[in-house]
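There are 2 protein chains.
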Amino acid sequence: MIPSLENLVEALSQLPTIGKKSAWRLALFLLEQNQEQVENLANCIGEIKEKICVCSECFNYSEEELCSICTSATRDRSVICVVEKPMDVFTIERSGRYRGLYHVLGGVLSPINGVTVDKLRIEELKQRVAKAKPEELILGLGGSADAETTALYLSRLFTQSPLRITRFARGLPAGMELEYVDQVTLSQALNERIAIHYSTGNKDNS
Amino acid sequence: MIPSLENLVEALSQLPTIGKKSAWRLALFLLEQNQEQVENLANCIGEIKEKICVCSECFNYSEEELCSICTSATRDRSVICVVEKPMDVFTIERSGRYRGLYHVLGGVLSPINGVTVDKLRIEELKQRVAKAKPEELILGLGGSADAETTALYLSRLFTQSPLRITRFARGLPAGMELEYVDQVTLSQALNERIAIHYSTGNKDNS
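These protein sequences, in sequence, are chains A and B. When you number the first sequence by numbering that gives the first Met the number 0, it's gap-free, plus one each residue, and the end is 205. When you number the second sequence by numbering that gives the first Met the number 0, it's gap-free, plus one each residue, and the end is 205.
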C-alpha cells in the first residue's frame, strides 16, 4: 500500500520485543517527527557497524583497539568481573558501584547448543589472568543452569592461581515481598543469610 | 564511553514505549546483525520522510497525491469511515473486514488542549461528503470522552445530509470473561444488547 512505510515496519519488526503492531506505531511516530530527528536516528544506526569493534583486552564493544574501561586510569586493575555479554557490562556500569575491569566471555557453556570451551573467550581469560595478575575474579554470570556450570568450570580452572574468586550474592531482589519470592530464590536467600551484629553483648538468637 | 553506541541509544530511547534499557538492548542487538540488515533499517528510516506525504482526499499517509485506498477500483465508495489518526486506518485494514474509504481527522476535539474544530479535517470532510455523496458515514472514533464528543459533533453536523451515520458497536471484547469487564463496558454491552431470533415460534423470554 505504502511501500516505504511497509518496508520500515518490516525492518522494525525484525528487532527483538517489537511485534508488528509496535512496529507500525514506531513507524508512524517517526513519520510525525521532523526531518532532522529521523535522519539522526538513521545515521546513528547506519554508522554503528562501521565505528564499533571489539576491545582486544576485555572483548566489550569499543570504538578503539582498547575500550575506555581498559584504558582508564581510575579503574581498579586488581579486579576483573567476568560477564556473559556486552549488555551485562552496561547493566553493571549503570549501577555505578563497580570500579574494576571486565572480561566478556561471549556466552556461557552450553554443550547441547554447541557452545564449548573453545567458543568462549576462556583461553583469553587465562592468558589475561596470567599476565595481568589480578587479585580477584568476580564471576558475574547470572543464575541460569548453564551460567552456574560455566562459573563452576571457571572457578576450577583458576584453583591453582593465587586468586580470590567470587560470585554475585543470591537472595531476595530489592523491594520484593516474601510471598512472591520463588522457592529456589528463597532457599538461596536462606542458605546465604548474613549475620547482623550488634555492638553491645547481645545473646545469640539463632 | 562508546560515543556512536551511546548516540544510538539516545536516539532510540526517544521512541515511544522504548526506555533506556530497551534502547540498549536494541542497540546491542543491531550491533550483532550483519552490515546489510543494519543498513537496510537505516535506509528505511532515512527515506520515509522524503517519500511519504499525506493523501489529499482522505489525509492518510501515502507516497502519491492520492493514496492507494482512495484510488482503488475495488473499494466501496458509498461508505466513509472517519478515524482519528493513520494508525487507526492500519488497524482497521488489518482486520480485513472493511472495504470502504477513510477520512483521517488528525485528532479528536479537545478544547482544553487547544484542539478546536478548525484544527481537524472537519471542513474537508464536509466538502468531501457534499461532493462524493456517500451513503454512510461510520464514526470510528474510539471510546474516550473527547472521541465521543467529536462523534456527537460530527453526527449533528450531518443531520441535514441524506446520510446514514453509524458508529462502532460497544460491548464485550472477544474472549473477555465477564468478571474482568469494567462497569462502563458492561453497561454499554447491556444497553446495546442484540436480539437472538429463533426461526420457530418461541416465547418472549425477556
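Built from N, CA and C at the ideal position, the CB exists for glycine as well. Bear in mind the structure is a predicted one, so any value in this text is a computation, not a measurement.
Among the options, which one has its Cα closest to the Cα of residue i?
i: E143 (chain A); options: A:L108, A:R74, A:I1, A:F28; result: For the record, residue 143 (chain A) in the displayed sequence is Ser; it is not Glu. That would be A:L108, whose Cα lies nearest to the Cα of S143 (chain A).
i: G45 (chain A); options: B:K50, B:I51, B:Q36, B:V81; result: B:Q36
i: N190 (chain B); options: B:Y179, B:L171, B:M175; result: B:L171
i: F167 (chain A); options: A:A150, A:D181, A:L177; result: A:A150
i: S71 (chain A); options: A:K48, A:R98, A:D181; result: A:R98
i: V82 (chain B); options: B:K132, B:S21, B:L104, B:V128; result: B:L104
i: E56 (chain A); options: A:S186, A:A131, A:L138; result: A:A131
i: E122 (chain A); options: A:C52, A:W23, A:P15, A:F58; result: A:F58
i: R76 (chain A); options: A:P85, A:R192, A:I137; result: A:I137
i: L27 (chain A); options: A:V88, A:L177, A:K118, A:S3; result: A:S3
i: N6 (chain B); options: A:K19, A:Q34, A:V8, A:N42; result: A:N42
i: L65 (chain A); options: A:L162, A:I91, A:Y101; result: A:Y101
i: R74 (chain A); options: A:R96, A:P161, A:K48; result: A:R96
i: V53 (chain A); options: A:D181, A:A194, A:R120, A:T148; result: A:R120
i: R155 (chain B); options: B:K125, B:V183, B:D117, B:E38; result: B:K125
i: T115 (chain A); options: A:D87, A:Q159, A:T90, A:T148; result: A:T148
i: L40 (chain A); options: B:G141, B:D145, B:E9; result: B:E9
i: K118 (chain B); options: B:G174, B:V128, B:I111, B:G106; result: B:G106
Starting from residue i and walking both ways along the beta strand (DSSP E), at which residues does that stretch end?
i: Y152 (chain B); result: Run containing Y152 (chain B): none in the beta strand (DSSP E); it sits in the alpha helix (DSSP H), 144 to 156.
Counting only C-beta atoms, is residue i closer than 9 Å to chain A at any point?
i: S94 (chain B); result: no
i: A41 (chain B); result: yes
i: P161 (chain B); result: no
i: F58 (chain B); result: no
i: R24 (chain B); result: yes
i: S21 (chain B); result: yes
i: I164 (chain B); result: no
i: E147 (chain B); result: no
i: G45 (chain B); result: yes
i: S55 (chain B); result: no
i: V37 (chain B); result: yes
i: F89 (chain B); result: yes
i: L190 (chain B); result: Inspection of the sequence shows that residue 190 (chain B) is occupied by Asn rather than by Leu. Not an interface residue.
i: K48 (chain B); result: yes
i: Q187 (chain B); result: no
i: L4 (chain B); result: yes
i: L7 (chain B); result: yes
What does DSSP give as the partner residues of residue i in its beta bridges?
i: G99 (chain A); result: A:D75
i: E135 (chain A); result: A:V78, A:R163
i: V114 (chain A); result: A:S109
Checking contacts by CB at 9 Å: is residue i closer than that to chain B?
i: L29 (chain A); result: yes
i: V82 (chain A); result: no
i: S205 (chain A); result: Because the pLDDT of S205 (chain A) is 46, which lies under 50, any placement of that residue in the model is unreliable, and the number read from its coordinates should be weighed accordingly. Not an interface residue.
i: P85 (chain A); result: yes
i: G174 (chain A); result: no
i: G141 (chain A); result: no
i: C69 (chain A); result: no
i: L65 (chain A); result: no
i: I111 (chain A); result: no
i: I1 (chain A); result: yes
i: T16 (chain A); result: yes
i: I51 (chain A); result: yes
i: A10 (chain A); result: yes
i: S61 (chain A); result: yes
i: Q34 (chain A); result: yes
Quick check on the DSSP output: the alpha helix (DSSP H) that includes residue i runs from which residue to which?
i: F58 (chain A); result: Unbroken run through F58 (chain A): none, as it is neither H nor E.
i: L27 (chain A); result: 19 to 31
i: A207 (chain A); result: This structure cannot settle anything about residue 207 (chain A), because the visible part of chain A is limited to 0 through 205.
i: C69 (chain A); result: 67 to 70
i: V180 (chain A); result: Looking at the DSSP string, V180 (chain A) is not in any alpha helix (DSSP H), and its letter there is neither H nor E.
i: L40 (chain B); result: 34 to 50
i: R93 (chain A); result: 85 to 94
Could you give the C-beta distance for residue i and residue j, rounded to a whole number, given that I count them as a contact under 8 Å?
i: I79 (chain B); j: P133 (chain B); result: 5 Å
i: L11 (chain B); j: L25 (chain B); result: 5 Å
i: T16 (chain A); j: S21 (chain B); result: 7 Å
i: E135 (chain B); j: L177 (chain B); result: With a Cβ gap of about 32 Å, E135 (chain B) and L177 (chain B) do not count as contacting.
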